[in-house]
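Taken in order, the sequence shown gives residues 130 to 380; the numbers are from the working numbering. Notes to accompany the following structure.
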Amino acid sequence: MTIWIYSLSSSLLVSIVALVGGFALFIKTTTLQRLVPLLVSLSVGVLLGDAFLHLLPDAIQRTQNLLAVMLSVLGGIFLFFLLEKVIRWRHQHEIYPSQETREIRPLARMNLIGDAMHNFIDGTLIAGSFMVSPAAGVATTIAVIVHEIPQEIGDVGTLIYSGMSVKKAIWYNFLCALSCVAGAVAMLLLGTWLDGGVVYLLPVAAGGFIYIAACDLIPELHRQPAFRHNLAQGVFIGAGIAAMLLIVWFE
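Written out as structure tokens, the structure reads:
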């Protein structure tokens, strides 16, 4: 029972971190419009940094099977390609779409799906660590919280850029983050049986992040061709990668 309390409390705390994007509520609309492309750039850096510096090395270390991990990455990219096809098809065939629904781009759903998968994995890691020892659980929780902060900020910016209102972006991002609790519950119920499968979810999630960053976000950044915009985008992409590198060093 103690492990359940620790695991669920910690995973819920990680989910609450998603509300860090609430800072957007206190920014003027005109200022937010200028910041959102920069937040999208940050999200590109964080997603790529998380995939190549965190998820993939972790999966390779756990499985000791480079070929299986690389195939899982390709599977993740193909899976998200198919998901986007389905989302775009449904988006185009809505018979009576509301004005708000019409304005929200498929990118928003893709981002939420990828984030939910990542948060689910985080929940399994947190619960699995508490099953080892309280100290390991606390250390894992802190590491997850630290790497979630820049990602959640970028995610909210991406959702706003995709057409969601600020409040809706924050709310949907938080609901997505609750999959961390679901991951913790799944690990506590299924234990080591689930752990073997979760290892291969890491590269699948990495493939999803690579696809979202390269195929959905980066093309959007090219819509601003001015040199000052390109320079700012490069700085924020680099900042996102640097943040993930520092976090991996911390972990």
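Virtual Cβ for every residue (Gly too), placed ideally from N, Cα, C.
Query	Result
Whether glycine 283 touches serine 144 by CB criterion (7 Å)	no
Three-state secondary structure assigned by DSSP to methionine 130	coil
Spatial neighbours of leucine 142 in its chain, beta-carbon cut-off 6 Å, leaving aside the 5 residues before and after	none
Cβ-Cβ distance between isoleucine 189 and glycine 336 below 7 Å	no
Straight-line gap, alanine 355 to phenylalanine 365 (C-alpha atoms, nearest Å)	16 Å
Rounded straight-line distance, which links the Cα of isoleucine 376 to that of alanine 368	12 Å
Runs of alpha helix (DSSP H) lying entirely within the stretch 269 to 333, each at least 4 residues, in chain order	295 to 306 and 308 to 319
Among Leu176, Gln280, Ile289 and Tyr135, the one whose alpha carbon lies nearest that of isoleucine 156	Ile289
Best match in Leu212, Lys214 and Val285 for proximity to leucine 148 [C-alpha to C-alpha]	Val285
Buried versus exposed call for arginine 357 [16 or more other C-beta atoms within 10 Å across all chains shown]	exposed
Selection from Ile299, Gln193 and Asn359 that minimises the alpha carbon distance to proline 332	Gln193
Residue of Cys309, Leu346 and Val273 minimising C-alpha distance to histidine 183	Val273
Buried versus exposed, by CB contacts within 10 Å (16 or more), phenylalanine 249	buried
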